[in-house]
Amino acid sequence: MRNFISLLGLLSSIPHMVLAQSSADSAFSGDLGEAITSYLGESYAEISGSATSDDPLPSQYAISNKKTFILSNDFVITNEPQVREYDFEIKAVTANPDGYERQIYTVNGEFPAPLIECNTGDTIRVHVKNSLDIPQTIHWHGISQNGTNLMDGVPGVTQCPIPPGQSFTYEFPIVEQYGTYWYHSHFANTMADGIAGPFIIHSPDDPLQRGRDYHNERVLLIQDWMHDQSTDIVAALKSPEGYRGSPGAPKGDSILINDVGHCSQDDPNWPEHLECVPPPRAEVPVIANETTRFRIINTGAHSMLRVSFDQHEMEVVEVDTDPVYGHLIHEIPVAPAQRYSVLLNATQGQAGNKFKLRVNVAAGCMDKVQQDTWAVLRYTNNNEEYDDQGEEPEDHPWDDLAAFDSPCRDLDDQYELHPRVAIDAFTKPLQTLSLSSKFGTFLGTEGQNITGFAFNNISFQNKQWDPILPQIIDNGNYTNENVAQVTFDQDGYVDLILNNLDGGIDHPYHLHGNEFQLIKRGDGNLTVEEAQAMDLTNITNPLRRDTIFIPGNAYAILRIRTDNPGVWALHCHIGWHLAVGKLATVIVRPQDMQKFDQPEDWKGLCAGQNSTEEGPARRAVAPTSAPINHLHRLREVRNRIITRTGARDF
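In terms of the UniProt record's numbering, the sequence shown opens at residue 1 and continues consecutively.
Below, the structure is given as structure tokens:
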């Protein structure tokens, strides 16, 4: 390999393939850049023409670790509780997962971020070093953080962010939880730049058990993907021109399946002078004649995505983190931040057979542009790898798949889904409060007009260096007007009404620190008085989850058990909406929060910072953002020839 690369020394070359392992032995300086070596059984060699950029890309290339997607059958779920310790370095690298080269943000240089796998009762300890030149935090999506509200990872709410060049340790126990979780950056929308990974918790108490209900399990990460840096996009959304001429949240430039996508020369946003050379399709092996549990996670920033497997039904067995009695279905809609587990029986052929795993954009809740991609579902014996992809699978889509512009609806809005561990809703709520969200122009704390999203007419102005949690610990309350809030001060069950007042915009809402029972859905705007007049005390085993999709001009009633004191973010999980103010707080039992300890390293994150500075959720531009006229980091590439050997097996 080294000799081959040295032959290219006369060429001005920038590596094009995205996911390659870096090594000192194959690193070169100057125009040649960094050589790309084989990784996980793959070999790539390339000759590319010269490339120029006003903004040089990082020399290190992202690496992809297939262990992120495969859960080992050797993982022991009955071990004694232990501390599972991780070292995370957040840093910038270069990648082109769909054929377009750009800077991304990673954990330890890996894209996607590494798998965290543990058991109920374990303690997670993650040492995070921020090697970026912008602040960062990590949020552990779905983890209750009962007693550890300080570790929830929301800048301006539960902590000051980790400043550039500094470190912070997140530590929290896993208390009575199991299922499919994930983690991601919660600073601005840099989650969309690559900082996201799966977080799987096992337990003998889980009604779904490997060896009885299924043979193997895999993680399936799906997401929309942008060719521009998230900070550039937010900066453009702030401008009068908007991003690509629109003030609305952008549709993805492509869709990734386990970090692999396909660029298209037909994309109107693709630079005309660049050749689109997509990578090989992602391959997802399953063992023939066995049942595989797919843990599907939408880590994207905008799109609801519909997943289907040609000629294979799916049995839905988990919604977010709760095992359910589900249905046999052909297609499953997954909104941003939602998770589903499905069982797939590989009984349609023998080892070597392959089928299309389809991921389609639900265009009914965004731009009416059809966009989809597919990966290869490959039958194997014992998960062996294949040397090449050969011909692509034949097309055998189900004939009842949703039309691309069909209305976007949550799965529970289409089928009855009941948890396998029953919890009835027979109790009258102690309190009923409401949060109503909409887009518009609102009055800021300094009397200025703010255009963006808001809850209860307050658009979140993120005082990231003056977070809410320590103020409540010190004072027992929080009265600032930079964020909408509801406060539940009693221990019991309460109802929270979520009204989506945006007529033409659907939103996925995520509540931190708590899962909720879905008591009721409906059209229109529901008041507290109307809800209190309803009989909502005789509901048998309603669905529980932590992220709900609510269409425009509709509402949902969530029942929450207030057994977890803290200040919990509730926000839209379309990252572009969150970046322009769509966050509120649910404050639970503030009198008990005064008992929280305030560790010195946690308080130290705020030291020496300007407490009045407004954070990135107010359309602020991060320090490294490029000027508006540099949104597209276009690279002139001439005479590119790409040669690839080997299939991607994810």
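The beta-carbon is built from N, C-alpha and C at its ideal position, and this holds for glycine as well. What you are looking at is a predicted structure, and each value in this text was computed from that prediction instead of being measured.
Report the rounded CA-to-CA distance for residue i versus residue j, giving the unit in angstroms.
i, j, result
"Val-528", "Leu-328", "37 Å"
"Asn-610", "Thr-445", "17 Å"
"Thr-52", "Thr-291", "Only weak support exists for where Thr-52 lies, its pLDDT of 31 falling under 50; the value from the coordinates is given anyway. Taking the straight line from one Cα to the other gives about 49 Å."
"Trp-465", "Ala-188", "14 Å"
"Thr-547", "Thr-321", "10 Å"
"Val-319", "Gln-338", "8 Å"
"Ile-201", "Arg-589", "28 Å"
"Ser-48", "Val-93", "Because Ser-48 sits at a pLDDT of 25, beneath the cut-off of 50, its placement in the model cannot be relied upon, and the point is left open."
"Asn-258", "Trp-374", "11 Å"
"Asp-395", "Val-219", "24 Å"
"Leu-401", "Val-83", "45 Å"
"Gly-179", "Asn-514", "14 Å"
"Ile-134", "Ile-195", "14 Å"
"Asp-193", "Ile-104", "5 Å"
"Trp-140", "Arg-125", "12 Å"
"Ser-308", "Ile-70", "19 Å"
"Gln-431", "Gln-485", "14 Å"
"Thr-78", "Thr-540", "32 Å"
"Leu-469", "Thr-380", "51 Å"
"Gln-145", "Gln-591", "18 Å"
"Gly-503", "Gly-552", "5 Å"
"His-577", "Ala-288", "43 Å"
"Ile-296", "Ile-222", "7 Å"
"His-127", "Gly-211", "34 Å"
"Asn-639", "Glu-272", "A caution first: Asn-639 carries a pLDDT of 29, below 50, which makes its placement in the model too unreliable to give a value."
"Ile-63", "Asn-353", "28 Å"
Would DSSP call residue i helix, strand or coil?
i, result
"Ala-402", "coil"
"Ser-38", "Only weak support exists for where Ser-38 lies, its pLDDT of 26 falling under 50; the value from the coordinates is given anyway. Coil, per DSSP."
"Ile-77", "coil"
"Glu-600", "helix"
"Asp-413", "helix"
"Thr-94", "strand"
"Ser-341", "strand"
"Asn-364", "For the sequence presented, residue 364 should be read as Gly rather than Asn. Gly-364: helix per DSSP, three-state reduction."
"Val-421", "coil"
"Val-154", "coil"
"Ile-222", "strand"
"Ala-620", "The predicted position of Ala-620 is uncertain, since its pLDDT is 33 and thus under 50; no value can be drawn from it."
"Asp-266", "coil"
"Ile-134", "coil"
"Asn-149", "helix"
"Lys-67", "helix"
"Val-324", "strand"
"Asp-228", "coil"
"Ile-233", "helix"
"Asp-87", "strand"
"Ala-192", "helix"
"Lys-129", "strand"
I'd like to check one pair, residue j with residue i: are the Cβ atoms closer than 8 Å?
i, j, result
"Ile-138", "Ser-167", "no"
"Tyr-509", "Arg-559", "no"
"Ala-556", "Leu-518", "yes"
"Val-342", "Val-324", "no"
"Phe-596", "Ile-473", "yes"
"Asp-491", "Asp-563", "yes"
"Gly-165", "Gln-159", "no"
"Leu-357", "Met-314", "no"
"Ser-246", "Asp-98", "no"
"Ser-214", "Arg-293", "Reading off the sequence, residue 214 comes out as Tyr, not Ser. Against a cut-off of 8 Å, the Cβ pair of Arg-293 and Tyr-214 comes out as a contact."
"Leu-511", "Val-586", "yes"
"Asp-412", "Leu-543", "yes"
"Gly-300", "Asp-224", "yes"
"Val-234", "Arg-378", "no"
What residues are listed by DSSP as bridge partners for residue i?
i, result
"Ile-329", "Met-314"
"Thr-380", "Ile-287"
"Phe-453", "Phe-439"
"Trp-374", "Arg-358"
"Lys-251", "Paired residues: none, contrary to the question."
"Ser-434", "Ile-497"
"Tyr-105", "Ala-92"
"Gly-179", "Ile-201"
"Cys-118", "Ile-201"
"Pro-173", "Thr-123"
Would the beta-carbon of residue i be found less than 7 Å away from any heavy atom of the ligand ATP?
i, result
"Asp-232", "Summarising the ligand content, the structure contains no ligands, and the ligand ATP is consequently not present."
Legend entry - Uninterrupted beta strand (DSSP E) stretches inside the UniProt domain "Plastocyanin-like" (460–591) (no shorter than 3 residues): 484–488, 493–500, 507–511, 516–523, 547–550, 554–561, 566–572, 583–588
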